[in-house]
Amino acid sequence: MIISLADSFRPVRAGAFSLSENHIYTKEAFSGYFDHLSPTGLLATTRWVQVPPSEEMRMVATVIEVLSDREGVRAERAIAALRTLQTLTVFARNDDFEGRDLDALRNFARTRQMDMSYLPGIDPDELNQHFVLPVEVYFQGITELLDESRREDFHAATEFNVKPLGDDRPFFFNFFRWQQLPDVVSQIGNTFEPFGGAGFLVILLFLGLSGAVSLVLIVFPLVVARAAPAAHAGGSGRTFRWASLGYFFMLGLAFLWIEIPLMQRFILLLDYPIYSFGIVLFAILVFSGLGSILSSQLGRIRSWAPLILAVLAVVYGLGIVPPMDLVLGLPLAARVVVAVASIAPFGLLMGVPFPAGIRAVEATRPDLVPWLWGVNGYASVTGSIVAALIALESGYSAVMLVAAAAYAIAWLLLRLGMRSGVTARGRTARILPPPGSTTPIGHHAVR
Numbered sequence: 033m034i035i036s037l038a039d040s041f042r043p044v045r046a047g048a049f050s051l052s053e054n055h056i057y058t059k060e061a062f063s064g065y066f067d068h069l070s071p072t073g074l075l076a077t078t079r080w081v082q083v084p085p086s087e088e089m090r091m092v093a094t095v096i097e098v099l100s101d102r103e104g105v106r107a108e109r110a111i112a113a114l115r116t117l118q119t120l121t122v123f124a125r126n127d128d129f130e131g132r133d134l135d136a137l138r139n140f141a142r143t144r145q146m147d148m149s150y151l152p153g154i155d156p157d158e159l160n161q162h163f164v165l166p167v168e169v170y171f172q173g174i175t176e177l178l179d180e181s182r183r184e185d186f187h188a189a190t191e192f193n194v195k196p197l198g199d200d201r202p203f204f205f206n207f208f209r210w211q212q213l214p215d216v217v218s219q220i221g222n223t224f225e226p227f228g229g230a231g232f233l234v235i236l237l238f239l240g241l242s243g244a245v246s247l248v249l250i251v252f253p254l255v256v257a258r259a260a261p262a263a264h265a266g267g268s269g270r271t272f273r274w275a276s277l278g279y280f281f282m283l284g285l286a287f288l289w290i291e292i293p294l295m296q297r298f299i300l301l302l303d304y305p306i307y308s309f310g311i312v313l314f315a316i317l318v319f320s321g322l323g324s325i326l327s328s329q330l331g332r333i334r335s336w337a338p339l340i341l342a343v344l345a346v347v348y349g350l351g352i353v354p355p356m357d358l359v360l361g362l363p364l365a366a367r368v369v370v371a372v373a374s375i376a377p378f379g380l381l382m383g384v385p386f387p388a389g390i391r392a393v394e395a396t397r398p399d400l401v402p403w404l405w406g407v408n409g410y411a412s413v414t415g416s417i418v419a420a421l422i423a424l425e426s427g428y429s430a431v432m433l434v435a436a437a438a439y440a441i442a443w444l445l446l447r448l449g450m451r452s453g454v455t456a457r458g459r460t461a462r463i464l465p466p467p468g469s470t471t472p473i474g475h476h477a478v479r
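For any residue, its number in the numbering used here is found by taking its place in the sequence shown, counting from 1, and adding 32.
As structure tokens, this is what we get:
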């Protein structure tokens, strides 16, 4: 089985590809490759040599970790690595490389003038024969990675982060460490690669720009129009105002923090990012639209929708769902149906909180409504960029869990802050019906 070097050389130091997802080199992918090898089968995978080592060392680390986790496999006897001036090729199998196999690898390397960076039982004199390095870093790295007691120390000492990644965080070309930030800042203006290995820091720039532009385009028009929410008399009025603003801000964040991980998760099921993007976006828009239509008919359920969404997000985030491996073999049309059916519960519930909240606030504090739209839009714009940062650092499951927290906070604001209502002109409006009442959201009682 060959995982060929199908892509061109990528400037890792510039970090230009650190945001690209790649499920070919995840731990789950390599585990599947070894599952499909015959007893005498061989896996060969090649990556570009970088200075300092990054993508090629992550590939090696992933292969070694997967082999080490397989029952009955001695990783130190089941892996070999050959190097050219520009590439590193790793050979691995489910069984030991024996004498005849090792002779074949040595002959293969010798006839093609490839350096042997690692073979089981290799003699140090066999290293660094053709493309001589000051230090044979690949032999040293592979040796340390094969020793589980030294593996963490190796990862801590490397300049780039080359730890193996899984399907939940499939950013194979993201090697940035936050400890590099001072060096990155010091290089700005002094090198043609100003971001070093941290090209994804551009996201922080986008976050700042989008935040500033959103303030100008969303908040500034409201200020110019003098649509600032009036501070009604009484502590309950202030509580209601800030609870409402916080509620809609959290809804804007949580919606994107659910949508983006779902798009990523279904790439594996639907084969292509464009399929996943289109189908997930279609399903969420359709079902959230249905949820919005039905929100006025749901009675007390709508006040619990944010909490139910928080629970669903935790379930998805912790992986308490049937694995996708069960349906990967189905035809594409069947997998699309599975994807849409999986998204439907999220979509229906995600369409409920916003219109229900707007109706409720509009009935009691219509001056707040433009601001609620504004803060929700602001949160949606900036939330998508924050989601990318969280996914890069901790994975998409972490984004789901943060979305769960946002929905839980929204529910608390709804129950504890917005429920109190406001007092104005001698009338008290309730966002939520009191216990035992059947008054729907959006109606108010006159005292």
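Glycine is no exception: its CB is placed at the ideal position from the N, C-alpha and C atoms.
Item checked: Coarse secondary structure for V122, derived from DSSP in three states -> strand
Margin query: Taking the straight line between their C-alpha atoms, what separation do you get for A38 and I316?
Written below: 34 Å
Next item on the list: Evaluate the contact criterion for the region 284 to 296 versus the region 403 to 411: three or more CB pairs, one atom per stretch, below 8 Å.
Entry: yes
Notebook entry, point to check: Buried or exposed: where does V480 fall if 16 or more other Cβ atoms within 10 Å of its Cβ makes it buried?
Noted result: The chain is shown from 33 up to 479; residue 480 falls before or after that span and cannot be answered.
Checklist line | Cutoff 7 Å; reference A430; Cβ partners in own chain excluding five residues on either side | finding: I422
Checklist line | Check: F298 C-beta below 8 Å from any heavy atom of the ligand FAD | finding: Among the components of this structure there are no ligands whatsoever, and the ligand FAD is therefore not found.
Check: Which term fits A373, buried or exposed, when burial requires 16 or more other beta carbons within 10 angstroms of its beta carbon?
Finding: exposed
Item checked: Beta-carbon proximity list for S308, same chain, < 7 Å, skipping 5 on both sides -> M295, F298, I299 and L302
Next item on the list: Taking F62 and V98 to be in contact with their CB atoms under 8 Å, please state how far apart those CB atoms are, rounded to whole angstroms.
Entry: 4 Å
Note to self: Looking at the secondary structure, which residues open and close the beta strand (DSSP E) in which W80 lies?
What the structure shows: L75 to W80
Notebook entry, point to check: Cβ atoms of M148 and R182: under 9 Å apart, would you say?
Noted result: no
Check: How many angstroms separate the CA atom of S412 from the CA atom of G349?
Finding: 20 Å
Checklist line | Distance between L241 and T460 (C-alpha atoms, nearest Å) | finding: Any reading at T460 needs caution, since the residue's pLDDT is 39, under 50, leaving its predicted position unreliable; the model's value is listed next. For T460 and L241, the distance between alpha carbons rounds to 41 Å.
Check: On the premise that D199 lies in contact with H55, defined as a C-beta separation below 8 Å, what is that separation, rounded to the nearest angstrom?
Finding: 6 Å
Notebook entry, point to check: From which residue to which residue does the beta strand (DSSP E) around R115 run?
Noted result: I111 to R115
Check: Who pairs with D147 in a beta bridge, going by DSSP?
Finding: R115
Margin query: Please classify Q536 as buried or exposed, where buried requires at least 16 other C-beta atoms within 10 Å of its C-beta.
Written below: This structure cannot settle anything about residue 536, because the visible part of the chain is limited to 33 through 479.
Item checked: I290, DSSP secondary structure in three states -> helix
Checklist line | Best match in V164, S276, V318 and R138 for proximity to E394 [C-alpha to C-alpha] | finding: S276
Note to self: Would V488 and V359 qualify as a contact pair, given that the criterion is a beta-carbon distance under 9 Å?
What the structure shows: This structure does not reach residue 488, given that the chain is present from 33 up to 479, and the question cannot be answered.
Next item on the list: Compare the Cα-Cα distances from S320 to each of G379, L341, P355 and I306 and report the closest residue.
Entry: G379
Next item on the list: Give the single residue among T58, F49 and G361 whose Cα lies nearest to the Cα of I235.
Entry: F49
Notebook entry, point to check: Taking DSSP as the reference, what is the three-state secondary structure of I352?
Noted result: coil
Checklist line | Option in L448, Y304, T396 and L433 with minimal Cα separation from R367 | finding: Y304
Margin query: Going by beta-carbon coordinates alone, are S328 and L446 separated by less than 9 Å?
Written below: no
Check: Just how far apart, CA to CA, sit L51 and L313?
Finding: 20 Å
Checklist line | Distance, E180 Cα to W403 Cα | finding: 55 Å
Check: Just checking my contact of D127 with A110 at CB under 8 Å: how many whole Å lie between their CB atoms?
Finding: 7 Å
Next item on the list: Could you tell me if V353 is buried or exposed, where buried requires 16 or more neighbouring beta carbons within 10 angstroms of its beta carbon?
Entry: exposed
Note to self: Here's a check: name, in chain order, each residue in its chain whose Cβ is nearer than 8 Å to the Cβ of L74, leaving out the five neighbours to either side.
What the structure shows: M33, F123, A124 and R125
Next item on the list: Out of A419, A435, W443 and D399, point me to the one whose CA is closest to R201's CA.
Entry: A419
Checklist line | Cα-Cα separation between L237 and I390, rounded to whole angstroms | finding: 33 Å
Item checked: Sequence-distant residues of its chain with Cβ nearer than 6 Å to A436 (five each side left out) -> A342, A345 and V346
Item checked: Residues bridged to I35 [DSSP beta-bridge criterion] -> T77
Margin query: Between F207 and F192, how many whole angstroms is the CB-CB distance? I'm expecting something under 8 Å.
Written below: 4 Å
Item checked: Inter-residue spacing [alpha-carbon to alpha-carbon] between I480 and R144 -> Look at the range of the chain in this structure, 33 to 479, and you will see that residue 480 is not part of it.
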